[in-house]
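Residue numbers (this note's numbering), protein chains in the order written: chain A, 1 to 259; chain B, 1001 to 1376. Built from N, CA and C at the ideal position, the CB exists for glycine as well.
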């Protein structure tokens, strides 16, 4: 009891519930697995979010402790899933998960940062014995011995494109990976983000509006350093294709202020 | 003293445990005594019932999204567990960039598939054809529950799964599915070819032509054995007593699309895995056992016959005169130092082919214990 009081005293106010909503767009248009003639439309969008921090007005990063639900969230890792198996997402499943749910100490937050990816240890463990949301075979890249951190597909007026992002150039053997030449984890920092009010927009248009993809958007990218079609998407993710290091500002995720 | 006693009894328990495990696994490999035992992952010991279960799963088309395809669709026994196509086709019609590899002696492969240095266990490899979506092979990603449902509803699986995994509280899992398939595939072992009979002392097992071909095969002039050496005719071989992790990947000068050694973008070999330029076009040397049954050849099935394969090595690399892949593979900077070209007369070519044909083992191609257990 004394200990409890001490903890509460030390932490100040009890932690507050925080939910962070994500929404896919293509440029300024919203994006869904539409069953109509609208284009562009989503064919797939699922990704892992980890290392999530809220930034206080004073600039202090605070961990967002996710609420483990045995389905989408571990305490520091979540799978977001926007495809509902309908329309153009015919290879998906009905279940979706579009926000992060957790707790952080009560404070005035004006920023958000997170990583798109699965932390190294869990990325290379056995997917068949992994806890949700890491048990989903469609998110695992068996021959690359890790997860697809981010998988998305868009149907365009004439064709479409897809991208699978994950670590490449790994060394060791499956379940005994020692390092990866190109980690390909995306670092996102959204200044001014107000949790509970603002939305994180995922602009898949940013992946194809790069000059080298404009003319032939059908080109897909599966994170191979050999794929010239990955140049544009990787640049949009702030990644250097050759090294897989996040060395620039990403342009795919952005803050959408509450309306 | 008490502490020492406790430690000692711990050791005794451990020793007894290991002994029970060994006697419990008690799997008998029916192999030629000259062959080493395959290495088996400690978490997936062999058993008769697991192999039988794995055989059913291997041939079960219900493991594909539209019930059209099983493992055996691309791994046909009569073709030494290949499919006879230049490149394989998935359940939804997608064309794979690669040609189906033989499963014969996969138990002895230190690395699996054409060019993946990460994959050393059949249990892990089985996940790619089941769940891969680029390209779709069996298309079961997101359908794990369908597999578990099948295991729990099919009479034979309901019976075999608990017997194959007796210590599992719930044996009906994707993990045990791939473990069973791997156990079955480990039994696809070839050791009964005319060449093996010859090596075991039967002088008449090989024709004179095949004997001359064997001389050529193991000659420094042709260099075949540098990559296709050892009892399994590949330098990527391992077994239960191996102490060295032997892996070989080689650029054989099939392509040179940019004059600087590039391979076609969808099939760059080990480079696709490592991103290291030196790995461009490097692929694993497949076993040559049953090679006469596995045409067409190479990772992309672009060489139609043994004759054409020998012609490729004779030239020291392939010249593609026109088209998207035009270029002279012989001049690739990444080419293996063993691919230097050689002189070979027509008679010698026939002898070499006679030797390669002697590596084909009719028993593994016809063994009923490796055939489909389904009657239709």
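Three-state secondary structure assigned by DSSP to residue i
i: residue 201(A); result: strand
i: residue 1271(B); result: helix
i: residue 1246(B); result: coil
i: residue 1291(B); result: helix
i: residue 1089(B); result: strand
i: residue 1325(B); result: coil
i: residue 175(A); result: coil
i: residue 1147(B); result: helix
i: residue 43(A); result: strand
i: residue 1353(B); result: helix
i: residue 276(A); result: Residue 276(A) falls outside the range modelled here, since chain A spans only 1 to 259, and no answer is possible.
i: residue 162(A); result: strand
i: residue 116(A); result: strand
i: residue 1175(B); result: helix
i: residue 89(A); result: coil
i: residue 282(A); result: Missing from the structure shown is residue 282(A); chain A here goes from 1 to 259 and no further.
i: residue 1023(B); result: Only weak support exists for where residue 1023(B) lies, its pLDDT of 31 falling under 50; the value from the coordinates is given anyway. Helix.
i: residue 1221(B); result: coil
i: residue 1061(B); result: helix
Pick from the options that is closest to residue i, judged by C-alpha positions
i: residue 1211(B); options: 1170(B), 1167(B), 1352(B) and 1034(B); result: 1352(B)
i: residue 86(A); options: 44(A), 107(A), 112(A) and 75(A); result: 44(A)
i: residue 1295(B); options: 1087(B), 1263(B), 1070(B) and 1058(B); result: 1087(B)
i: residue 1329(B); options: 1071(B), 1308(B), 1251(B) and 1269(B); result: 1251(B)
i: residue 129(A); options: 167(A), 69(A) and 175(A); result: 175(A)
i: residue 1053(B); options: 1284(B), 1315(B), 1162(B) and 1242(B); result: 1162(B)
i: residue 253(A); options: 51(A), 74(A) and 116(A); result: 116(A)
i: residue 65(A); options: 42(A), 101(A) and 80(A); result: 101(A)
i: residue 1277(B); options: 1260(B), 1286(B) and 1290(B); result: 1260(B)
i: residue 260(A); options: 220(A), 233(A), 198(A) and 122(A); result: The requested residue 260(A) does not occur in the structure, where chain A is confined to residues 1 to 259.
i: residue 1035(B); options: 1293(B), 1239(B) and 1311(B); result: 1239(B)
i: residue 168(A); options: 149(A), 76(A) and 160(A); result: 149(A)
i: residue 1332(B); options: 1318(B), 1344(B) and 1323(B); result: 1318(B)
i: residue 1058(B); options: 1111(B), 1157(B) and 1108(B); result: 1157(B)
i: residue 160(A); options: 42(A), 32(A) and 227(A); result: 42(A)
i: residue 1074(B); options: 1146(B), 1084(B) and 1056(B); result: 1084(B)
C-beta neighbour in chain A for residue i, strict 9 Å
i: residue 1144(B); result: yes
i: residue 1206(B); result: no
i: residue 1275(B); result: yes
i: residue 1327(B); result: no
i: residue 1117(B); result: yes
i: residue 1360(B); result: no
i: residue 1265(B); result: yes
i: residue 1334(B); result: no
i: residue 1368(B); result: no
i: residue 1133(B); result: yes
i: residue 1121(B); result: yes
i: residue 1271(B); result: yes
i: residue 1178(B); result: yes
Closer than 9 Å to chain B by CB, residue i
i: residue 168(A); result: yes
i: residue 32(A); result: no
i: residue 96(A); result: no
i: residue 182(A); result: yes
i: residue 43(A); result: no
i: residue 128(A); result: yes
i: residue 117(A); result: no
i: residue 247(A); result: no
i: residue 131(A); result: no
i: residue 136(A); result: yes
i: residue 143(A); result: yes
i: residue 177(A); result: yes
i: residue 233(A); result: no
Status (buried if at least 16 other CB within 10 Å, exposed otherwise) for residue i
i: residue 1356(B); result: buried
i: residue 29(A); result: exposed
i: residue 249(A); result: exposed
i: residue 258(A); result: exposed
i: residue 1169(B); result: exposed
i: residue 1155(B); result: exposed
i: residue 70(A); result: exposed
i: residue 1177(B); result: buried
i: residue 49(A); result: buried
i: residue 184(A); result: buried
i: residue 14(A); result: exposed
i: residue 1378(B); result: No information on residue 1378(B) is available, as it lies outside the stretch 1001 to 1376 that chain B covers here.
Any non-hydrogen atom of the ligand NAP within 8 Å of residue i CB
i: residue 224(A); result: The model on display carries no ligand, and the ligand NAP is accordingly not part of it.
Completely contained alpha helix (DSSP H) runs for the stretch 1096-1167 of chain B, where each covers 4 or more residues: 1122-1125, 1127-1131, 1144-1153 and 1155-1164
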